[in-house]
Each structure stands twice: as C-alpha cells, then as structure tokens.
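Undergrad: For the first sequence, UniProt numbering assigns the number 1 to the initial residue and increments by one for each residue that follows. Glycine residues also receive a C-beta, built at the ideal position from the N, C-alpha and C atoms.
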Amino acid sequence: MKSIEIYNILRNYFGAVGSWWPKERPFEVIIGAILTQQSTWTNVEKALKNLNQQGILTPFEIEEIPLEKLKELIKSSGFFNQKANRLKEISEYLITQYNGNLELLFNKNKKELRKELLNLKGIGPETADSIILYSAEKAEFVVDAYTKRIYSRLGLVNEKIDYENLKEFIIEGIPEELTIYQEYHGLLVLLGKNICKKNNPKCMECPLKDKCDFGKKENG
DNA sequence: GCCCAGGGGGCTC
DNA sequence: GAGCCCCATGGG
1 MKSIEIYNIL
11 RNYFGAVGSW
21 WPKERPFEVI
31 IGAILTQQST
41 WTNVEKALKN
51 LNQQGILTPF
61 EIEEIPLEKL
71 KELIKSSGFF
81 NQKANRLKEI
91 SEYLITQYNG
101 NLELLFNKNK
111 KELRKELLNL
121 KGIGPETADS
131 IILYSAEKAE
141 FVVDAYTKRI
151 YSRLGLVNEK
161 IDYENLKEFI
171 IEGIPEELTI
181 YQEYHGLLVL
191 LGKNICKKNN
201 PKCMECPLKD
211 KCDFGKKENG
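What follows is the structure, encoded as structure tokens:
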C-alpha cells in the first residue's frame, strides 16, 4: 500500500483536518515545537498560555526573562530545565543572526533552512520539520511517533527504520504541497492518537483494518 | 502505582 | 554509528 492510498482513506474517514497546529505567530509555533517534545499537547498548551499571559511572544522577551522564571512558566510541559535553556539559546541565535526577524530566516530555501535549524541544540529532525511545515509554511513532511507506529503496523516498514528513511518512504508518490503535507500529518496524528494507539489499539474501528494485519496478529 | 507522551543530546563501545 | 540513558510533568 502506498501513502497516497492511506491518505485518501484517512481523508474520507476523518474529513478535512487542515493544519492541526493552532494558527499563531511563527515564533509561537517554534516555542510550541520545542515544548511538545516527548510531551502531551494539553501540557504544552498550559505553558503557552502562561507565556502569553506574561506577554512573552518574541525572541526578545524570551531572552529578557530570567531563566528561573521561564522554567516556572513552562513547567507543565516537562523537561523544563532543558527546554528553558534551549529556548534561551535559540532566541539568542535568532536575535544575533536575524535581529529576531523570522522572515529573514524563512526566506532561505528549505534545504538550507533545515540544515541551519538542525545545527541548533534542541532542534532535531522532527522539530526542524515541524518548524518548516507549520511556522515557515513550506512543504516539508513531519515524521513522528504516530507515523512510525502506523507505518510499521501496516507492515510497510521495519519499526527500527530511521527518521530520514521513513520520511523518504512516506513522501514517495505524494504531491509536494504544503496543504497536502499538513493535512496528511494531521490525519496520521488523529489516527495515532485515537485509534492506532500504543497499548490499546482500537483496531476494529480503524479505517485501515482491511489493509493491516496488526489487529489480527494481536488476536491470535 | 505504573505506563506513557507528536524528541533530542550525550556518552559509550 | 547503533545502543543506551537522561531529562520531568500530568493524564489515563
């Protein structure tokens, strides 16, 4: 089975999801992308709300706020010591390199942009791609834990497959378009969050059950 | 109480 | 370069 078939099945099942990421300012998407690492979105939302209430919306305010205060505000998202330090470092980088203006960074082509993001501590492949897809709004597919689980359960890839190889496999045959990439990622998240779950997959409710042996294996 | 979440970095061999 | 371990809160 190919990605485009999965896409069509999910699109018919869930309907249009659009961009799942709340439409915020580009820098807030970057903050969210860091905070959501290995964390739930509901916990991230609390942190984002705290930052908003304190008027912390740009790299400049992140840089100015005392580290301990920043930790306190983002505590709910977990790993707050690391994340606070990384937000500080990234903000400092954006200020010194681009005077805090993300437009300048996002003007670069995708490949350069991705390379530059990956050089920053705290931004790995998934976070970099999330920033490109949802903040810079360029067509760069995001692979996440849900995606990996779904594709490996479908028997399309080995569960040990690395990020870049899985990404290559997934985007094969899909139009390289912003809205398609956002939509497909959103659909996979919905499936992974609600049905193709880690410990209790609801295989009987899965729109892909006819294409997937995973549920059958589990039953015997 | 236990398991887990939309990762990433650092260390080891 | 793969394989571990650490980071830490909050929800089910």
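How long is the line joining the alpha carbons of Gly192 and Lys211, rounded to whole angstroms?
TA: 16 Å
Undergrad: What residue range is occupied by the uninterrupted alpha helix (DSSP H) comprising Leu190?
TA: 178-194
Undergrad: According to the neighbour-count rule (16 or more other Cβ atoms, all chains shown, within 10 Å of its Cβ), is Gln53 buried or exposed?
TA: exposed
Undergrad: Answer yes if the stretch 161-178 comes into contact with the stretch 130-148, meaning at least three C-beta pairs across the two stretches below 8 Å, and no otherwise.
TA: The stretch 130-148, when compared against the stretch 161-178, does touch it at the 8 Å Cβ threshold.
Undergrad: At which residue ranges does the UniProt domain "HhH-GPD" (35-194) contain complete alpha helix (DSSP H) runs of 4 or more residues, listed in the order of the chain?
TA: List check, alpha helix (DSSP H) in window: 41-53, 59-64, 67-74, 80-98, 102-106, 110-118, 125-130, 145-153, 163-171, 178-194.
Undergrad: Rounded to the nearest angstrom, what separates Glu137 and Pro175 at their Cα positions?
TA: 15 Å
Undergrad: DSSP on Ser19, reduced to helix/strand/coil?
TA: Coil, per DSSP.
Undergrad: Considering only residues of the same chain and omitting the five flanking positions on each side of Thr127, which have a CB-CB separation below 8 Å?
TA: Ala33, Ile34, Gln37, Leu117
Undergrad: Hey, how far is the Cα of Glu103 from the Cα of Thr58?
TA: If I take the Cα positions, the gap works out to 13 Å.
Undergrad: DSSP three-state call for Glu24: helix, strand or coil?
TA: coil
Undergrad: How long is the line joining the alpha carbons of Glu159 and Arg114, rounded to whole angstroms?
TA: 25 Å
Undergrad: Cβ of Ser39 within 8 Å of Cβ of Ser77?
TA: yes
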